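Asker: Structure below; questions to follow.
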Amino acid sequence: MPRLKLVLILLFALCTSAASATVVIEPEISMGSWPKWRVDGLVITVDLRCTISQAGYPSKQCSPPYVSISADVFDSPQKTRAILGASLSSDGVTISSNSMGSAWLSRENIELFNLLSQKSKPKATLKITKLNQVDGTGIDVSSPSTEKTETIVLSNFSELAAAHISEANRTYEDQFHRAKLSFIMKIVFLFGLFVVFVLVLWRVIKSISSKSKAVIEKAGAELEERRVRRIAEDEAIRVTVRKSVETAEEHEINAIKDRIKAALDSGDTETASTLLGILQKRSVQ
C-alpha cells in the first residue's frame, strides 16, 4: 500500500511537471494587422504576400500563407538584442530566425503553417539561444550563451489564421481591382485625348482645305480674267491695224510689208498672218 501511494505521488508529479512545461500563448489582435503570439522577446506571426504588377495590364501573384518567427521590436531592446537565434518546430518541420532575430522565409514556413492550421490546439517546440545579460545597461557578449527550449500552444491559431488570410486575400483583391480600374480609366482617358486630337486635326485640315480651295478658285478667276483681257486687247489691236491698213497710202503699205517681214524674222507668225491677210483683202478691193 505505501508503495502504491508513492507511485501515485510520482505519477502526479510527472503529470504536473509535463503540464507546467507547456505554455499557452494567447494571441494579440489589432485592427488592420495580422495576429501575433509574443513569447520571450519573440513574435510569431502568420501572413501571406501578394505583389500587384502594374507594368501593362495589372497582374497579381500571391505566395501561400506562412508562419514566421522574429524578434519582437516592441519588446525590451536589451532583451531582443540578446537573442542569437530562435527556432519553432512541429511534427519534424522547423523554421528559424537569424542571429538578429529576423525571420527567414522558406518552404518550411509554408509547411509549418499548414501543419498548425490543421490542429485545434497546435503545439510547437520553441528553442531560443541568448547571450547572458550583465545588467540593465548592456549585454556581455563574452559571456556564454544559454539555450532555452519549451513547448508552447498557440491559442486560437487556426481560427485567427484563417480569418486573417481571408481578410488579406480580400484586401489584395480590392487593390487588384482598383489597379485594373485605374488601368482602364487611363486607357479611356488616352482614347478620349486621341479622339479629341483627331477631331481637332480634321477641323484644321477642313479649314485649310476650304481656304486653299477659295485661294485656288480666286487665282483661277484672276487668270481667266487676264486671259480674256489679253484676247480683247489683241483683238482690238488687230482691228486697229486692219483699219489702218485699209486706209493706208502706198508708203504706209510698204511699211506694213516691212512689219510683216520683221514679224516673220522674229517668228511671230500670227502677226505676220494677220497683216498679210489684211493686205490681201486690200489688194482684192
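Quick note on the working numbering: the sequence shown kicks off at 1 and runs consecutively.
No residue lacks a Cβ here, since even glycine has one placed at the ideal position from N, Cα and C.
Note that the structure is a prediction, hence the values are computed from the model and not measured.
1) Using only the alpha-carbon positions, how far apart do S53 and T45 sit?
2) Do T271 and A309 count as a contact pair if the criterion is CB distance below 7 Å?
3) Taking the continuous alpha helix (DSSP H) assigned at L112, which residues delimit it?
4) Under 7 Å, do I95 and E108 count as touching if we go by C-beta distance?
5) Just to confirm my understanding: we take Q175, look at its own chain, exclude 5 residues before and 5 after, and list those with CB closer than 7 Å. What are they?
6) Indicate the three-state DSSP secondary structure (helix, strand or coil) for K257 in the structure shown.
7) What three-state label does DSSP hand V134 in the structure shown?
8) From N156 to N114, what distance separates their C-alpha atoms?
9) I'd like to check one pair, V67 with L112: are the Cβ atoms closer than 7 Å?
10) Which residues does DSSP pair with D47 in a beta bridge?
11) Kindly identify the DSSP beta-bridge partner or partners of L154.
12) State the Cα-Cα distance for the pair K211 and V195, rounded to the nearest angstrom.
13) Quick check on DSSP: helix, strand or coil for W37?
14) For G192, count neighbouring C-beta atoms within 10 Å of its own C-beta (all shown protein chains included) and say buried if the count is 16 or more, exposed if not.
Answerer: So, from the data block:
1) Taking the first residue of the sequence shown as position 1, residue 53 is located at position 53. Taking the first residue of the sequence shown as position 1, residue 45 is located at position 45. The alpha-carbon atoms of S53 and T45 are separated by roughly 26 Å.
2) In this structure the chain extends from 1 to 285, so residue 309 is not present and cannot be described.
3) Stepping through the sequence shown from its first residue, residue 112 is reached at position 112. Its alpha helix (DSSP H) spans residues R107 to S117.
4) For this step, residue 95 is matched to residue 95 along the sequence shown. For this step, residue 108 is matched to residue 108 along the sequence shown. In contact: I95 and E108 (Cβ atoms closer than 7 Å).
5) Residue 175 sits at position 175 when you count from the first residue of the sequence shown. Cβ neighbours of Q175 beyond the five flanking positions: I52.
6) One-based indexing of the sequence shown puts residue 257 at position 257. In the three-state scheme derived from DSSP, where H, G and I count as helix and E and B as strand, K257 is classed as helix.
7) Numbered from 1 along the sequence shown, position 134 holds the residue referred to as residue 134. In this prediction, V134 has a pLDDT of 45, which is less than 50 and means its spatial position is unreliable; what the coordinates show is noted afterwards. Three-state result, V134: strand.
8) Locating residue 156 in the sequence shown gives position 156, counting from the first residue. Locating residue 114 in the sequence shown gives position 114, counting from the first residue. Each residue's Cα considered, the two are about 14 Å apart.
9) Within the sequence shown, numbered from 1, the residue matching residue 112 stands at position 112. Within the sequence shown, numbered from 1, the residue matching residue 67 stands at position 67. Yes, Cβ-Cβ distance for L112 and V67 is below 7 Å.
10) Reading the sequence shown from its first residue, position 47 is the one you call residue 47. Beta-bridge pairing links D47 to Y66.
11) Within the sequence shown, numbered from 1, the residue matching residue 154 stands at position 154. Note: L154 sits in a beta bridge opposite I25.
12) What you label residue 211 is simply residue 211 of the sequence shown in a count that begins at 1. What you label residue 195 is simply residue 195 of the sequence shown in a count that begins at 1. Whole-angstrom Cα-Cα distance: 24 Å.
13) Within the sequence shown, numbered from 1, the residue matching residue 37 stands at position 37. Note: W37 maps to strand in three-state DSSP.
14) The count along the sequence shown starts at 1 and reaches residue 192 at position 192. Exposed, because fewer than 16 other Cβ atoms sit within 10 Å of the Cβ of G192.
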